[in-house]
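Student: Following numbering that gives the first Met the number 0, the numbering of the sequence shown begins with 0 at its first residue and continues without gaps.
Supplied in structure tokens, the structure appears directly below.
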Amino acid sequence: MQARMSLLPNLLQSIFLAALFGFLLPVLVLGGLWGALELVDWLSDWAIVHQIGGEMAQFLSVFGSGHAVRGLIVIGLACSAVGVLLDSYTLYRQSLRG
Numbered sequence: 000m001q002a003r004m005s006l007l008p009n010l011l012q013s014i015f016l017a018a019l020f021g022f023l024l025p026v027l028v029l030g031g032l033w034g035a036l037e038l039v040d041w042l043s044d045w046a047i048v049h050q051i052g053g054e055m056a057q058f059l060s061v062f063g064s065g066h067a068v069r070g071l072i073v074i075g076l077a078c079s080a081v082g083v084l085l086d087s088y089t090l091y092r093q094s095l096r097g
């Protein structure tokens, strides 16, 4: 009984880290790319950078009901949920092995 009780903090820590990294990775990658495109668009007058940044904002706004930042958060939450599910499945399969 004591061995199972000591596993609970480790399981919760694993699930928390999976949720945290599952959220942060897509938000930082997509947000960083979008921010870099907006910065280059602001500093220069390249039409292609303006077009790519606009298309990326439009893509993100599809997931955010018309708001790009909200879409970025929705994508992060979805990836976080997938990370938690995959981590839970891995923990379940590991517990079956003994």
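All C-beta atoms, glycine included, are put in the ideal place defined by N, C-alpha and C.
1. Determine the contact status of Ala17 and Leu85, defining contact as a CB-CB distance below 9 Å.
2. Can you give the Cα-Cα distance for Gly30 and Pro8, rounded to whole angstroms?
3. Mind reading off the beta-carbon distance from Leu10 to Leu90? Whole number of angstroms is fine, and I expect it under 8 Å.
4. Where does Gly65 land, buried or exposed, given buried means 16+ other C-beta within 10 angstroms?
5. First and last residue of the alpha helix (DSSP H) that includes His49?
6. Quick check: what's the CA-CA separation for Tyr88 versus His49?
7. How would you call Phe15, buried or exposed, if buried means at least 16 neighbouring beta carbons within 10 angstroms?
8. If you drop the 5 nearest sequence neighbours on each side, which residues of the same chain put their C-beta closer than 6 Å to that of Arg92?
9. Excluding the 5 residues flanking Val39 on each side, which residues of the same chain have their C-beta closer than 6 Å to its C-beta?
Tutor: Reading from the atomic positions:
1. As a position in the sequence shown, residue 17 is number 18, starting the count at 1. As a position in the sequence shown, residue 85 is number 86, starting the count at 1. Taking 9 Å as the Cβ cut-off, Ala17 and Leu85 qualify as a contacting pair.
2. As a first step, residue 30 must be located in the sequence shown, where it is residue number 31. As a first step, residue 8 must be located in the sequence shown, where it is residue number 9. Spanning the two alpha carbons is a distance of roughly 32 Å.
3. Along the sequence shown, read from residue 1 onward, the residue named residue 10 stands at position 11. Along the sequence shown, read from residue 1 onward, the residue named residue 90 stands at position 91. Between the beta-carbon of Leu10 and that of Leu90 there is about 6 Å, and that keeps the pair under the 8 Å contact cut.
4. The sequence position of residue 65 within the sequence shown is 66, counting from 1. With a threshold of 16 other beta carbon atoms within 10 Å, Gly65 falls short and is exposed.
5. Locating residue 49 in the sequence shown gives position 50, counting from the first residue. Unbroken alpha helix (DSSP H) run through His49: Ala46 to Phe62.
6. The sequence position of residue 88 within the sequence shown is 89, counting from 1. The sequence position of residue 49 within the sequence shown is 50, counting from 1. The alpha-carbon separation between Tyr88 and His49 amounts to approximately 42 Å.
7. Within the sequence shown, the letter at position 16 stands for residue 15. By the neighbour-count criterion, in which 16 or more other beta carbons inside 10 Å mark a residue as buried, Phe15 falls on the exposed side.
8. Position 93 of the sequence shown, counted from the first residue, corresponds to residue 92. Contacts found: none.
9. Within the sequence shown, residue 39 is the residue found at index 40, counting from 1. Once the five neighbours on either side are set aside, the close Cβ partners of Val39 are Val48.
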